[in-house]
Amino acid sequence: MEQYVIKGGNPLVGEVEIGGAKNAALPIIAASLMTNDTVHIDNIPDVRDTDVLLKSIQTMGVFVERTGRHSLTINASQIQHLVVEDDNIKKIRASYYLIGALLAKYKRVEVALPGGCNIGSRAIDLHIKGFRALGAEVTIEHGLIKTKAERLLGSHIYMDSVSVGATINVMMAAAMAEGTTIIENAAKEPHVVDLANFLNSMGAGIKGAGTDVIRIKGVPKLHGTDYTIIPDQIEAGTYMFAAAITKGDVTVKNVIPKHLESISAKLLEIGCEVEESDDAVRVVSSKPLQHTHVKTLPYPGFPTDMQPQIAVALALSQGTSIVTETIFDNRFKYVDELTRMGASIKVEGNTAIISGVNKYTGASITVPDLRAGAALILAALAADGYSTVEEIQYVARGYEDFHLKLQSLGAQIEVVDSERALQKFKLKTG
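Given below as structure tokens:
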């Protein structure tokens, strides 16, 4: 089984190019099925989640062609069946985006219940509530979410809590409903805005994306488009914290600095220097890190997907920090692994109390989920000595060429698949 082997202690220094946003690419791929015309998408990240979704839609009869590593041509005019339950689709959370897209176009679809990382309860009640408000019948049978409607009618929908997935799904379904739909308490994340822009480029009538009230005037038909996906704010934030954790100097390029404001603010609070330009952010960590408190919140608050990364930094900071998780209820599974490396963290419910330590030491660690995996790898890069990291397939779900990009910043990290390869790495770096 492949694993990372890491020799820590090198500050990360240099520039790193950020890819397209995974969390925008997944709903945009799903939404590309809403027209019979050809759609061209650029800046697609080459990660496992997008690969899984593309393989799954191909089993439905959708034409998919990679015109480059980061560009796609999709044509969904020959969809042969509307039951999506292949083994691939059960592996990712984003499978549910096919419901909104195909319900809009065909007024019926059956999709396997979603998988993804086990980071706590991520119920789909708000999705179901939204579909029913538009006039669809929704049932869950034999592991499938089954939806059908004679016609979809615009509606006034209030989201009981802010949900990115439900906002996206209802927005897609409403884009081809009759009349006007208003979504209140909508999610404001950059990838929600990106999907709205994509749908509008196909002829949809969506206004207000990026605010908490989205108005959608339904249209009977969408057309093809050429579209470029926004940069990935979580990938960018991960490398920004890589600089903080390893005492480095990293410039993340091809970003939208506004999307990173909550991340930049926390880095400044803990004592890093942050310099912004039009499409890049530089983070320099030259002073001892300071403690702070952080609470995850929907955008524009601090992202839940950055919570493990900031915790790794705070565990190396002076004083006591508190991290409160308000989005998911099982997002501290990395704490036991970080404790193996010398961190001092006590978890009480949805709060982690972190007492800063002077250093981490290398250990054998196991990745529990995507973002925690990236954070633990950053901890290993800062640690004294060698670490091995298992279950690295989680990291491949959302980070393209993670170890190669880290190597380009001076990290000593390699993928190994045998004890011999592990020893060879140690000889080379010892």
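Here our numbering = 1-based position in the sequence shown + 2. Here a beta-carbon is modelled for each residue, glycine too, at the ideal position from N, C-alpha and C. These numbers come from a predicted model, not from an experiment.
Neighbourhood of residue i by C-beta, 7 Å cutoff - its chain only, sequence neighbours within 5 removed
i, result
"ALA211", "VAL194, VAL195 and ALA198"
"ALA176", "LEU136, GLY156, THR183, ILE218 and GLY220"
"SER123", "Any reading at SER123 must be qualified, since the residue scores a pLDDT of 46, below 50, and its modelled position is unreliable; no value is offered."
"ASP51", "LYS24, LEU28, ILE94, ALA96, ARG399 and GLY400"
"LEU100", "ALA32, VAL86, VAL111 and VAL113"
"VAL164", "ASN187, ALA189 and PRO300"
"LYS9", "TYR388, GLN414 and THR431"
"ALA206", "ALA177, VAL221 and LEU224"
Status (buried if at least 16 other CB within 10 Å, exposed otherwise) for residue i
i, result
"GLY321", "exposed"
"ILE94", "buried"
"LYS407", "buried"
"ALA345", "buried"
"LYS209", "exposed"
"GLU402", "buried"
"GLY432", "exposed"
"LEU270", "exposed"
"SER3", "Checking the sequence shown, residue 3 turns out to be Met, not Ser. With fewer than 16 Cβ atoms within 10 Å of its Cβ, MET3 is classed as exposed."
"LEU378", "buried"
"ASP419", "exposed"
"LEU80", "The amino acid occupying residue 80 in the given sequence is Gln; Leu does not appear at that position. Under this definition GLN80 is an exposed residue."
"ASN12", "buried"
"THR213", "exposed"
"ALA266", "In the sequence as presented, Ala is not what sits at residue 266; that position holds Ser. That one is buried."
"ARG373", "buried"
Neighbourhood of residue i by C-beta distance below 6 Å, restricted to the same chain and skipping five residues each side
i, result
"VAL85", "GLU112"
"LEU35", "ALA78 and ALA103"
"ILE121", "At ILE121, the pLDDT of 47 sits below 50, so the modelled position is not reliable; the number obtained from the coordinates is stated separately. Correct list, in chain order: PHE330, ASN332, ARG333 and ASP371."
"LYS289", "GLY273"
"GLU404", "Residue 404 is actually Phe in this sequence, not Glu. Cβ within range, chain order: VAL397."
"VAL314", "ILE247, ALA377, LEU380 and ALA381"
"GLU278", "PRO259"
Chain-order list of residues whose beta-carbon lies under 8 Å from that of residue i (same chain, five-residue window excluded)
i, result
"VAL215", "ILE184, ILE185, GLU186 and ALA188"
"VAL257", "ILE20, PRO233, GLN235, ALA238, ASP281, ALA282 and VAL283"
"ILE329", "THR298, LEU299, PRO300 and THR306"
"GLY358", "LEU291, HIS293, LEU316, ALA317, LEU318, SER319, GLN320, GLY321, THR322, SER323 and SER346"
"ILE394", "GLU4, GLN5, TYR6, VAL369, GLY375 and VAL417"
"ASN202", "ILE208"
Given residue i as reference, the closest of the options once Cα atoms are compared
i, options, result
"GLY273", "PHE334, VAL286 and ALA32", "VAL286"
"GLY63", "THR69, ALA398, ASP51 and ILE76", "ILE76"
"VAL41", "VAL49, ILE231 and GLN5", "ILE231"
"MET451", "GLY145, LYS348 and ARG134", "Beyond the ends of the chain as shown, which are 3 and 432, falls residue 451; an answer cannot be given."
"SER73", "GLN82, ASN45, VAL66 and LEU100", "ASN45"
"TYR104", "VAL252, LEU270, HIS261 and LEU154", "One point to set straight first is that residue 104 is Leu, not Tyr, in the sequence displayed. Selected option, being the one with the closest Cα: LEU154."
"GLY303", "LEU291, SER319, GLN60 and LYS268", "LYS268"
"ASN352", "LYS107, LEU299 and PRO370", "LEU299"
"ALA381", "TYR396, THR341, LEU411 and LEU55", "THR341"
"MET308", "LEU224, LEU146, LEU424 and TYR241", "TYR241"
Under 7 Å between C-beta atoms of residue i and residue j
i, j, result
"VAL254", "VAL18", "yes"
"ARG333", "GLU327", "yes"
"THR368", "ASP386", "no"
"ARG43", "TYR229", "This sequence places Ile at residue 43; Arg is not what is there. Yes, these two residues count as a Cβ contact at 7 Å."
"SER434", "ASN90", "Here the chain comprises residues numbered 3 to 432, so residue 434 is not present and cannot be evaluated."
"HIS129", "ALA168", "yes"
"VAL166", "GLU191", "yes"
"ALA365", "VAL325", "no"
"LEU424", "GLY250", "no"
"GLU139", "LYS150", "yes"
"VAL66", "LEU56", "yes"
"PHE243", "GLN311", "yes"
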